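Participant:
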Amino acid sequence: MRNSILVRSIAAVSGIVMLASVAACGDNTTASTDSSAKSDTKTETVSGNFSGAGASSQQAAVEAWIAGFQGTNPDAKVAYNPSGSGAGVSTFLTGATAWAGSDAALADNEVEQSKSVCASGTAFDIPVYISPIAVVFNLQGVSGKGKTLNMDAETIAKIFDGKITKWNDDAIKKQNPKVDLPDLDITVVHRSDKSGTTKNFLSYVKDAAGDAWSYDLGENWPNEVGQGAKGTSGVISTVQQADGTIGYADASQAGDLGTVAVKVGDDYVPFSAEAAAKVVDASPLDDSAKGDNRVVVKLDHNTTEKGAYPIVLVSYDVACPAYKDANTAKFVKAWLTYVTSDEGQQTAASAAGSAPMSNTLRQKVVKSIDAIKTK
Numbered sequence: 000m001r002n003s004i005l006v007r008s009i010a011a012v013s014g015i016v017m018l019a020s021v022a023a024c025g026d027n028t029t030a031s032t033d034s035s036a037k038s039d040t041k042t043e044t045v046s047g048n049f050s051g052a053g054a055s056s057q058q059a060a061v062e063a064w065i066a067g068f069q070g071t072n073p074d075a076k077v078a079y080n081p082s083g084s085g086a087g088v089s090t091f092l093t094g095a096t097a098w099a100g101s102d103a104a105l106a107d108n109e110v111e112q113s114k115s116v117c118a119s120g121t122a123f124d125i126p127v128y129i130s131p132i133a134v135v136f137n138l139q140g141v142s143g144k145g146k147t148l149n150m151d152a153e154t155i156a157k158i159f160d161g162k163i164t165k166w167n168d169d170a171i172k173k174q175n176p177k178v179d180l181p182d183l184d185i186t187v188v189h190r191s192d193k194s195g196t197t198k199n200f201l202s203y204v205k206d207a208a209g210d211a212w213s214y215d216l217g218e219n220w221p222n223e224v225g226q227g228a229k230g231t232s233g234v235i236s237t238v239q240q241a242d243g244t245i246g247y248a249d250a251s252q253a254g255d256l257g258t259v260a261v262k263v264g265d266d267y268v269p270f271s272a273e274a275a276a277k278v279v280d281a282s283p284l285d286d287s288a289k290g291d292n293r294v295v296v297k298l299d300h301n302t303t304e305k306g307a308y309p310i311v312l313v314s315y316d317v318a319c320p321a322y323k324d325a326n327t328a329k330f331v332k333a334w335l336t337y338v339t340s341d342e343g344q345q346t347a348a349s350a351a352g353s354a355p356m357s358n359t360l361r362q363k364v365v366k367s368i369d370a371i372k373t374k
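Following numbering that gives the first Met the number 0, the numbering of the sequence shown begins with 0 at its first residue and continues without gaps.
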């Protein structure tokens, strides 16, 4: 979706927000933030017009965040274009937006490119939105809200590689003995645009499916199987319109489609925010991430932890440690403080069904936000 979301002063949200003033990549004095990012800490409010772009998976959460942020900052107008992770990062690297949303951590070359945009240092990325990626399907008589099919990683990989082409294939039937599966062709639907959701989904099948998946990891779909659709909404819409389809999307957008319960250990686990949070909390940070202040989660897709759902999207916000415009720096610091606060995370959970980040992860994120220079 390319249309910008612009939500104007909306009813004030209870309690928080650390706020200041805004405009484009600027300079530095760190306003101190409580290590737990408590939402009851207050500073001066922010005013001005600010824009971000990027991950369409964050759309519902960002709409709610804008409402909350503008409720306590009535003179700030914030817009977000859910153009996709790749497009959002590219736009940020031209200096056209204050921040970007991305379902994939920055690549080394993107960190290097950010030197031309940031007033000093290089861009950093911090997790702001944690959500399961649902494998969604439309199968008459089988699919529907709350209905699931069991699949292991190998089966999922073979479907998306065109090696399993019928819904009544033995591999699917064995895992769903009580389901009457039709002799119907499977139509795969994948993202046609550069997508962090794609990268996260591919990361799962590459790590968990073994030899069943041989493609390199990236933000573009790697084979000619099925049909492409632009953005999260495009994938969902395409799957909704045709019987026999299967795709992947941020779980908050799954709606009335059927979804896959993924095999973890000896169990099949349906998606949920709680199940996604278990994987993130059990996963280490990626210490190899190039650059300062970056908080990148290295997901453990092979977990056998009971009740964990392994196909998870950790979506990041990308920002500069210093901006050429002090007002923009103040806005970005205030915005990130709000969205990563307990209130901001609960707001996203209510609006999009995401998993609030743990206090342990938040403490790491707060250190990065504190590093943004506002003077």
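Idealized CB from N, CA, C, for every residue including glycine.
This one's a predicted model, so the numbers in the text were calculated from it and none came from an experiment.
At what residue ranges does the segment 48-73 contain a whole run of the alpha helix (DSSP H), taking only runs of 4 or more?
Facilitator: 58-71, all fully within the segment 48-73.
Participant: Specify whether the segment 199-218 and the segment 151-166 touch according to this definition: at least 3 beta carbon pairs, one from each stretch, less than 8 Å apart.
Facilitator: Verdict: yes, contact present.
Participant: Does the beta-carbon of D179 have 16 or more other beta-carbons within 10 angstroms, so that it is buried, or is it exposed?
Facilitator: What you label residue 179 is simply residue 180 of the sequence shown in a count that begins at 1. Its Cβ having fewer than 16 others within 10 Å, D179 is exposed.
Participant: Taking the beta carbon of P73 as the centre, do at least 16 other beta carbons fall within 10 Å, making it buried, or is it exposed?
Facilitator: To locate residue 73, count along the sequence shown from 1; it is residue 74. Burial call: exposed.
Participant: With DSSP run on the structure shown, which of helix, strand or coil describes F270?
Facilitator: Indexing the sequence shown from 1 puts residue 270 at position 271. Correct three-state label for F270: coil.
Participant: Are the beta-carbon atoms belonging to V135 and T258 less than 8 Å from one another?
Facilitator: If you number the sequence shown from 1, residue 135 lands on position 136. If you number the sequence shown from 1, residue 258 lands on position 259. Against a cut-off of 8 Å, the Cβ pair of T258 and V135 comes out as a contact.
Participant: Please list, in chain order, all residues of the same chain as C24 whose beta carbon is under 6 Å from its beta carbon, the five residues on each side excluded.
Facilitator: Against the sequence shown, residue 24 aligns to sequence position 25. A caution first: C24 carries a pLDDT of 39, below 50, which makes its placement in the model too unreliable to give a value.
Participant: In the DSSP assignment, what are the bridge partners of Q240?
Facilitator: If you number the sequence shown from 1, residue 240 lands on position 241. DSSP, once it has assigned bridges, lists no residue as partnering Q240.
Participant: With which residues is Q252 paired in a DSSP beta bridge?
Facilitator: Here the question's residue 252 lines up with position 253 in the sequence shown. None; Q252 has no bridge partner.
Participant: Would the C-beta of S89 count as close to the ligand HEM, meaning under 7 Å from any of its heavy atoms?
Facilitator: For the structure depicted, the ligand HEM is absent and the ligand set is empty, with no information on it obtainable.
Participant: Spell out the partners DSSP gives P126 in its beta bridges.
Facilitator: Taking the sequence shown and counting its residues from 1, the one referred to as residue 126 is at position 127. Y315.
Participant: In terms of DSSP beta bridges, what is K262 paired with?
Facilitator: Start at 1 with the first residue of the sequence shown, and residue 262 comes out as number 263. BP columns for K262 point to Y267.
Participant: Do the segment 84-91 and the segment 299-308 make contact, defined as three or more Cβ pairs closer than 8 Å?
Facilitator: Segments in contact, no.
Participant: Which of the three DSSP states is assigned to Y308 in this structure?
Facilitator: Stepping through the sequence shown from its first residue, residue 308 is reached at position 309. Coil at Y308, not helix or strand.
Participant: Can you tell me which of the three DSSP states I163 falls into?
Facilitator: Locating residue 163 in the sequence shown gives position 164, where the first residue counts as 1. Of the three classes helix, strand and coil, the one that applies to I163 here is coil, per DSSP.
Participant: Between which two residues does the alpha helix (DSSP H) harbouring T121 extend?
Facilitator: Along the sequence shown, read from residue 1 onward, the residue named residue 121 stands at position 122. It is not in any alpha helix (DSSP H) - T121 carries neither H nor E in the DSSP assignment.
Participant: If you follow the beta strand (DSSP E) that Q226 is part of, which residue opens it and which one closes it?
Facilitator: On the sequence shown, position 227 is the one that residue 226 refers to. That run of the beta strand (DSSP E) goes 226-228.
Participant: Hey, is the segment 275-293 in contact with the segment 139-151, meaning 3+ C-beta pairs nearer than 8 Å?
Facilitator: No: fewer than three Cβ pairs fall under 8 Å.
Participant: Pop quiz: G217 and K198 are said to be a contact at Cβ under 8 Å. What is the actual Cβ separation, rounded to whole angstroms?
Facilitator: Sequence index remark: in the sequence shown, residue 217 carries index 218 (1-based). Sequence index remark: in the sequence shown, residue 198 carries index 199 (1-based). Confirmed, Cβ separation roughly 6 Å.
Participant: Is the distance from the Cβ of I245 to the Cβ of V187 below 8 Å?
Facilitator: In the sequence shown, the residue the question calls residue 245 occupies position 246. In the sequence shown, the residue the question calls residue 187 occupies position 188. It is a contact, given that the beta carbons lie within the stated cut-off.
Participant: Between the C-alpha atoms of W78 and K165, what's the straight-line distance to the nearest angstrom?
Facilitator: To locate residue 78, count along the sequence shown from 1; it is residue 79. To locate residue 165, count along the sequence shown from 1; it is residue 166. According to the sequence shown, residue 78 is Ala rather than Trp. Their backbone Cα atoms lie some 43 Å apart in a straight line.
Participant: What span of residues does the beta strand (DSSP E) with N149 cover, start to end?
Facilitator: The count along the sequence shown starts at 1 and reaches residue 149 at position 150. Note, N149: beta strand (DSSP E), 147-150.
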